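Our numbering applies: residue 1 is where the sequence shown begins, and numbers increase by one. All remarks here apply to the structure that follows.
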Amino acid sequence: MRPKVTRRRKLIGYQVSDDKPPTTESSTDYIWVRDSLTFEDVVNEAANASRIALDTEFHREKTYWPKLALLQLQFGTNIYLVDPLEINVAPLAKALESDATFVMHAAAQDLEVLERACGTVPNDLFDTQIAAGFVGMTTPSLSSLVERYTGVRLPKGDRLTDWLERPLKSNQREYAANDVRYLFEVHDRLLADLNQMNREDWAIAECQRMRERMKPNVAPELAWTRIKEARHLRGKARCVAALIAEWRENAAHSRDVPVRFVLSDLALVGIAQRAPRSTSELKSVRGFDGRYLKDTNGTEIIELVEKGLTLPQDQLVTLDADDSPQLDKNLRAAVTLVSAWISQVAKDESLDPALLATRSDITDFLRDSPNSRLATGWRSEIVGEPIKALVEGRAALAFEKTGLVLERRRNPDSQNKAPFNP
Numbered sequence: 001m002r003p004k005v006t007r008r009r010k011l012i013g014y015q016v017s018d019d020k021p022p023t024t025e026s027s028t029d030y031i032w033v034r035d036s037l038t039f040e041d042v043v044n045e046a047a048n049a050s051r052i053a054l055d056t057e058f059h060r061e062k063t064y065w066p067k068l069a070l071l072q073l074q075f076g077t078n079i080y081l082v083d084p085l086e087i088n089v090a091p092l093a094k095a096l097e098s099d100a101t102f103v104m105h106a107a108a109q110d111l112e113v114l115e116r117a118c119g120t121v122p123n124d125l126f127d128t129q130i131a132a133g134f135v136g137m138t139t140p141s142l143s144s145l146v147e148r149y150t151g152v153r154l155p156k157g158d159r160l161t162d163w164l165e166r167p168l169k170s171n172q173r174e175y176a177a178n179d180v181r182y183l184f185e186v187h188d189r190l191l192a193d194l195n196q197m198n199r200e201d202w203a204i205a206e207c208q209r210m211r212e213r214m215k216p217n218v219a220p221e222l223a224w225t226r227i228k229e230a231r232h233l234r235g236k237a238r239c240v241a242a243l244i245a246e247w248r249e250n251a252a253h254s255r256d257v258p259v260r261f262v263l264s265d266l267a268l269v270g271i272a273q274r275a276p277r278s279t280s281e282l283k284s285v286r287g288f289d290g291r292y293l294k295d296t297n298g299t300e301i302i303e304l305v306e307k308g309l310t311l312p313q314d315q316l317v318t319l320d321a322d323d324s325p326q327l328d329k330n331l332r333a334a335v336t337l338v339s340a341w342i343s344q345v346a347k348d349e350s351l352d353p354a355l356l357a358t359r360s361d362i363t364d365f366l367r368d369s370p371n372s373r374l375a376t377g378w379r380s381e382i383v384g385e386p387i388k389a390l391v392e393g394r395a396a397l398a399f400e401k402t403g404l405v406l407e408r409r410r411n412p413d414s415q416n417k418a419p420f421n422p
């Protein structure tokens, strides 16, 4: 009969306490999981837990997909460090899809990693960084939240740590355990603050929104839109850039390397601008490194240049259809003014300004985008409706000693409008 993980065994030489839960002091009070049978037990118990603290360590500097290097879990009184280099962590999906609340910090990239490794993400998510934004903190680090709510000052980690290294050093293991050790206490304190401000529903809704709108992989044919310089190109040059960016994305995907390993942005835009017709011309493009020819002789790129230059007019229009520089130019002043007012609102309401609205959110709202975050939910109540009144002329912005304020216009339908002359 295999041992139950709840007996807190001594595993691979790390002493584990038999009679006390993890303390707030530095310790080795965690269970290192590196075999499938033990992990199966962990998952089965986790699936019945009411809440689970979770974090991941991963690398993606040399790969297209993030490579999971360590999985940290806490539920009940146990902390588990799971080694995904030794076992398949896909069975964790059973716990992820349970009714447990997963408490995480700055979970966006972790969700991408979990989706890749387990095929799913937590059914119920509470992100402590998002929640903190509703009680007046601006994208706080986990260490700052832990110190604020528990008084514990976590040791700084080395951002260059190689989490794929084995065996992990004791300070690496302790750092990883600390990433989940205090999440429950932070969760409890944040919920208390949110309840006091009547914002728990807002925070929960925002966490679920992030979960549901987890950033999808960009379609290869739209990869060019992520390159600022490519968006500034016009006509056939943009077509060439779009085709090469699509090819680069697919090549990086199939080789599992970062897109910059296939071709740099600088080289891609340079090729689109200069339209080389031969390998020798290709090599002379600024930013093009001969190493890029390691996996291709260059003919693929030359063929894409030719294709882009000969695309029919209707396809050129299709590529340009989503471009609206004049609209952006006309909106620029309005977006800047509204941004300043929203910063004031965020300060007055003890909200993280970036959580309340970004410049992109404001632009989408002023464009009447159907997916605007300011058009629904708590954002609509706080800033969406007031901005709508401003755009419709029912309100105006004014300066006061306390900052920008939005005021109702006394006679918005007046026809006797004239510029202000001091």
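We treat Cβ as the ideally placed atom computed from N, Cα and C, and that holds for glycine. All of these numbers come straight from a predicted model, not from anything done at the bench.
Query	Result
Put D162 into one of helix, strand or coil per three-state DSSP.	coil
How about D35 and I87: are their beta carbons less than 8 angstroms apart?	yes
Can you check whether the CB of G298 is closer than 8 angstroms to the CB of L266?	no
Check each candidate in F126, Y64, H232 and name the one with the smallest Cα separation from F184.	F126
For K94, collect the residues of the same chain with a Cβ closer than 6 angstroms to its Cβ; drop the 5 residues on either side in sequence, then sort them by chain order.	V43, A47
In whole angstroms, what is the alpha-carbon distance linking G308 and I227?	17 angstroms
Please go through the same chain and pick out, in chain order, the residues whose beta-carbon is closer than 7 angstroms to the beta-carbon of W341, but skip the five residues on each side of it.	L397, L404, L406
Enumerate in chain order the residues of its own chain whose CB-to-CB distance from N195 is below 6 angstroms, with the five nearest sequence positions on each side excluded.	none
To the nearest angstrom, how far is it from the Cα of E57 to the Cα of Y80?	13 angstroms
Does the distance from the CB of A176 to the CB of L70 come in under 8 angstroms?	yes
Along the beta strand (DSSP E) that carries D55, what are the first and last residues, could you check?	51 to 59
Apart from the five residues on each side of it in sequence, which residues of its chain come closer than 6 angstroms, Cβ to Cβ, to V135?	D193
Ordered along the chain, which non-local residues of its own chain (more than five positions away) have a Cβ less than 8 angstroms from that of V335?	R359, I362, T363, L366
Measuring alpha carbon to alpha carbon, tell me which of R213, R181, A49 ends up nearest E115.	R213
Output yes or no for whether 8 angstroms exceeds the beta carbon distance between L356 and I387.	no
Per DSSP, which one or two residues make a beta bridge with E407?	A396
Under DSSP, the alpha helix (DSSP H) around N35 begins and ends at which residues?	Strictly speaking, residue 35 in this sequence is Asp, with Asn absent from that position. From DSSP, D35 is part of no alpha helix (DSSP H); its letter is neither H nor E.
Judging by CA-CA distance, which residue of I301, H253, A252, D256 is the nearest neighbour of L435?	Summary: the structure shown does not reach residue 435, with the chain confined to residues 1 through 422, and so no result is reported for it.
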